[in-house]
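Engineer:
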Amino acid sequence: MTLAIYNKKRNFKQTTEPSGKIKKSVSKLIFVVHRHKASQLHYDFRLELDGVLKSWAVPKGPSLNPKDKRLAMMVEDHPYDYKDFEGIIPEGNYGAGIVEIWDDGTYADENNSPREIAEKILRAGLKAGNLKFQLFGKKLKGEFSLVKIKTKEDNSWLLIKHHDNYAVETEYNSEEYTPENSPINQWMEENRKPVKKGKSKYR
Ligand code: MN
2 MTLAIYNKKR
12 NFKQTTEPSG
22 KIKKSVSKLI
32 FVVHRHKASQ
42 LHYDFRLELD
52 GVLKSWAVPK
62 GPSLNPKDKR
72 LAMMVEDHPY
82 DYKDFEGIIP
92 EGNYGAGIVE
102 IWDDGTYADE
112 NNSPREIAEK
122 ILRAGLKAGN
132 LKFQLFGKKL
142 KGEFSLVKIK
152 TKEDNSWLLI
162 KHHDNYAVET
172 EYNSEEYTPE
182 NSPINQWMEE
192 NRKPVKKGKS
202 KYR
């Protein structure tokens, strides 16, 4: 049932995104961060729970600096198989643009409990609007939390890095940790609008 919105928003005759089916990883819980060039470039942060990927759109991307509280808008659950999705969503479709994986790995609750216990804790955290977890990614490592903030929209959260051995004190820009030749970067390079002389203040 939780994937109904996901399926409704998409036309699987047109997009190559996976259709929504409940499915679980075999051993450890997984997470994935997509970088998505849609109308706006943004990141999508996804955590596996109960056979789906709980998903948040993070406009500025994740940060390893605990001072950054990155806005994360909760969106519809995505199917587990979305973890491997990369590619082009054709124009006219929901989320049209380019999707690439920015980081992925396994994750657990803050105490790195065995899966069943971890899922119970994470489920409760999600419900309470205060989700604490550990990421074992290639770029994102250590403790984080997602904290729900009270707004009219009811889907606004903050993604926050905790102070630990993986935290940084310097400015963190996820864009700097993206391969230069990634499909999105290539697209942006090819579609960069030439700066008109006399119009730009940065001339
Ligand atoms: Mn997106």
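If you use our numbering, the sequence shown closes out at 204, no skipped numbers anywhere. Each residue gets a CB set at the ideal place from its N, CA and C atoms; glycine is no exception. Given the structure is predicted, the values throughout are model-derived calculations rather than measurements.
(1) Which of the three DSSP states, helix, strand or coil, is assigned to aspartate 51?
(2) With a threshold of 7 Å (Cβ to nearest heavy atom), would histidine 37 be considered close to ligand 1?
(3) From which residue to which residue does the beta strand (DSSP E) around arginine 71 run?
(4) Would you kindly work out how many angstroms separate the C-alpha atoms of serine 40 and proline 19, rounded to a whole number?
(5) Flag this pair as touching only if the segment 115-124 and the segment 84-104 have three or more C-beta atom pairs under 8 Å; answer yes or no.
(6) Among Lys139, Leu48, Ile102, whose alpha-carbon lies nearest the alpha-carbon of serine 146?
(7) Regarding aspartate 45 and ligand 1, is the C-beta to nearest heavy atom distance less than 7 Å?
(8) CB-CB under 6 Å to serine 183, same chain, minus the five flanking residues each way: which ones, in chain order?
(9) The alpha helix (DSSP H) with glycine 126 in it runs from where to where?
(10) Once the 5 residues before and after lysine 22 are set aside, which same chain residues still bring their CB inside 6 Å of it?
(11) Lysine 140: which of Ile122, Asp105, Glu154, Ile6 sits nearest, CA to CA?
(12) Taking the continuous beta strand (DSSP E) assigned at tyrosine 7, which residues delimit it?
(13) Exposed or buried, serine 201, counting other C-beta atoms within 10 Å across all chains shown (16 or more means buried)?
(14) Could you tell me the alpha carbon to alpha carbon distance between isoleucine 99 and alanine 129, rounded to whole angstroms?
(15) How many Å lie between tyrosine 203 and valine 27 at the Cα?
(16) Need the endpoints of the beta strand (DSSP E) that glutamate 144 sits in, please.
(17) Among Lys153, Phe134, Ala97, whose alpha-carbon lies nearest the alpha-carbon of leucine 160?
(18) What first and last residue would you give for the beta strand (DSSP E) that runs through isoleucine 90?
(19) Less than 8 Å between the beta carbons of serine 185 and lysine 38, yes or no?
(20) Suppose you measure from the CA of tryptophan 103 to the CA of valine 34; what does that come to, to the nearest Å?
(21) Which residue spans inside the segment 157-195 form an unbroken beta strand (DSSP E) run of at least 3?
Structural biologist: The answer reads as follows:
(1) As a working mapping, residue 51 is identified with position 50 in the sequence shown. DSSP places aspartate 51 in coil when its eight states are reduced to three.
(2) The count along the sequence shown starts at 1 and reaches residue 37 at position 36. Within the cutoff, so yes.
(3) Reading the sequence shown from its first residue, position 70 is the one you call residue 71. Segment 70-80, the beta strand (DSSP E) holding arginine 71.
(4) Looking up residue 40 in the sequence shown gives position 39. Looking up residue 19 in the sequence shown gives position 18. Going from the Cα of serine 40 to the Cα of proline 19 covers about 21 Å.
(5) no
(6) On the sequence shown, position 145 is the one that residue 146 refers to. Cα-wise, what sits closest to serine 146 is Leu48.
(7) Working through the sequence shown from its first residue, we reach residue 45 at position 44. Yes - ligand 1 has a heavy atom lying nearer than 7 Å to the Cβ of aspartate 45.
(8) The residue labelled residue 183 in the question sits at position 182 within the sequence shown. Counting only Cβ-Cβ distances below 6 Å, and skipping sequence neighbours, we find Glu101.
(9) Position 125 of the sequence shown, counting from 1, holds the residue named residue 126. Residues 116-129.
(10) Looking up residue 22 in the sequence shown gives position 21. Here the set comprises Pro80.
(11) Position 139 of the sequence shown, counting from 1, holds the residue named residue 140. Among Ile122, Asp105, Glu154, Ile6, the Cα nearest to that of lysine 140 is on Asp105.
(12) As a working mapping, residue 7 is identified with position 6 in the sequence shown. Taken as a continuous stretch (DSSP letters only), tyrosine 7 belongs to no beta strand (DSSP E), being part of the alpha helix (DSSP H) at 5-10.
(13) Here residue 201 refers to the residue found at position 200 when the sequence shown is read from its first residue. The predicted model places serine 201 with a pLDDT of 45, which falls under 50 and marks its position as unreliable; any figure quoted below should be read in that light. Classification for serine 201: exposed.
(14) Translated into positions along the sequence shown, residue 99 becomes position 98. Translated into positions along the sequence shown, residue 129 becomes position 128. So the two alpha carbons sit approximately 33 Å from each other.
(15) Sequence index remark: in the sequence shown, residue 203 carries index 202 (1-based). Sequence index remark: in the sequence shown, residue 27 carries index 26 (1-based). Because tyrosine 203 carries a pLDDT of 43, less than 50, the predicted location of this residue cannot be relied on, and the following value inherits that uncertainty. If you take the alpha carbons of tyrosine 203 and valine 27, they lie about 52 Å apart.
(16) Position 143 of the sequence shown, counting from 1, holds the residue named residue 144. Here the beta strand (DSSP E) through glutamate 144 covers 142-149.
(17) Residue numbering aside, residue 160 sits at position 159 when the sequence shown is read from its first letter. When each option's Cα is compared against that of leucine 160, the closest is Phe134.
(18) Start at 1 with the first residue of the sequence shown, and residue 90 comes out as number 89. Note, isoleucine 90: beta strand (DSSP E), 88-90.
(19) By 1-based counting over the sequence shown, the position of residue 185 is 184. By 1-based counting over the sequence shown, the position of residue 38 is 37. According to the sequence as given, residue 185 is isoleucine; it is not serine. Yes, Cβ-Cβ distance for isoleucine 185 and lysine 38 is below 8 Å.
(20) Taking the sequence shown and counting its residues from 1, the one referred to as residue 103 is at position 102. Taking the sequence shown and counting its residues from 1, the one referred to as residue 34 is at position 33. Taking the straight line from one Cα to the other gives about 5 Å.
(21) 157-162
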